[in-house]
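Engineer: For the sequence shown, position 155 (counting from the first letter as 1) is numbered 177 according to this note's numbering, and the numbering increases by one without interruption. Using N, Cα and C, we set each Cβ at its ideal position, and we do this for glycine too.
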Amino acid sequence: MQQLHASVPLASVSRPPAYDCVFLAGGQGAMADMPGSSQLHRVLGDAAQHGGAEAEAGRGGAGRGGAGAAQRMCKLIAAVCHGPAGLLGAVHGGTGQPLLAGRTVACFTAAEEDKTGAAGCMPFTLEHKLREAGATVRPGQPGEENALRDGFLVTGQNHASAARVASLVLEALSVHPAGPEVGAPIVGHAAGAVAEA
23 MQQLHASVPL ASVSRPPAYD CVFLAGGQGA MADMPGSSQL HRVLGDAAQH
73 GGAEAEAGRG GAGRGGAGAA QRMCKLIAAV CHGPAGLLGA VHGGTGQPLL
123 AGRTVACFTA AEEDKTGAAG CMPFTLEHKL REAGATVRPG QPGEENALRD
173 GFLVTGQNHA SAARVASLVL EALSVHPAGP EVGAPIVGHA AGAVAEA
């Protein structure tokens, strides 16, 4: 419990990070603080790289544990609500490719920003910026649970999604205690229904 009261500065995080998961909490402050943080981007890039170069050919299920398939593991990166703003500008530590390129994510949506009246206060619309960065955004209904996992990346749309994001992280870590399999399929959960893409 004492560790919960002792924050570690990002500059002090080891390479590779000595954590199973890097979690980016949401809230509107994430929109201002996270996108330009080179220290955060270093930690995220190192987390994605952990366990060896990412075998992108294995994404979507190909190369998942069959005979001769390379089982590469990554640290998990999870983000909820406005937390995915921290992924903007982050690159994979091994490949140099943007972490969001080709990934499917959930985030606080433009519709939710409009509904809360906060759209005019935000420096950008997160949903649009994530798409510009190469991600596929899978929005759910405003205010409802929507969480998914794409390989080492677990994201949730809003505060209603936080518990499901935590469940997806725990499921991934329990199946692969050293980290999730990079080629794991996209697993989603929206408003009580679980679907595999």
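Can you tell me where the beta strand (DSSP E) with Asp42 in it begins and where it stops?
Structural biologist: Residue numbering aside, residue 42 sits at position 20 when the sequence shown is read from its first letter. Segment: none, Asp42 is in no beta strand (DSSP E) and carries neither H nor E.
Engineer: For the segment 32-48 and the segment 118-128, state whether three or more C-beta atom pairs, one from each stretch, are separated by less than 8 Å.
Structural biologist: With the cut-off at 8 Å, the segment 32-48 and the segment 118-128 do not touch.
Engineer: Quick one: Cα of Pro120 to Cα of Ala194, how far?
Structural biologist: The count along the sequence shown starts at 1 and reaches residue 120 at position 98. The count along the sequence shown starts at 1 and reaches residue 194 at position 172. Rounded to the nearest angstrom, the two C-alpha atoms are 22 Å apart.
Engineer: Do you know offhand how far Ala107's Cα is from Ala140's?
Structural biologist: Locating residue 107 in the sequence shown gives position 85, where the first residue counts as 1. Locating residue 140 in the sequence shown gives position 118, where the first residue counts as 1. Rounded to whole angstroms, Ala107 to Ala140 spans 16 Å at the Cα level.
Engineer: Using three-state DSSP, classify Thr177 as helix, strand or coil.
Structural biologist: The sequence position of residue 177 within the sequence shown is 155, counting from 1. Looking at Thr177 - three-state DSSP - the assignment turns out to be strand.
Engineer: Would you list the one or two residues that DSSP bridges to Pro120?
Structural biologist: Against the sequence shown, residue 120 aligns to sequence position 98. Bridge partners of Pro120: Val113.
Engineer: How would you label Gly111, buried or exposed, when you count the other beta carbons within 10 angstroms and need 16 or more for buried?
Structural biologist: Sequence index remark: in the sequence shown, residue 111 carries index 89 (1-based). Gly111 comes out buried.
Engineer: In three-state terms, what does DSSP make of Val159?
Structural biologist: Counting from one through the sequence shown, the residue named residue 159 turns up at place 137. Of the three classes helix, strand and coil, the one that applies to Val159 here is strand, per DSSP.
Engineer: Between which two residues does the beta strand (DSSP E) harbouring Leu26 extend?
Structural biologist: Mapped onto the sequence shown, residue 26 falls at position 4. Unbroken run through Leu26: none, as it is neither H nor E.
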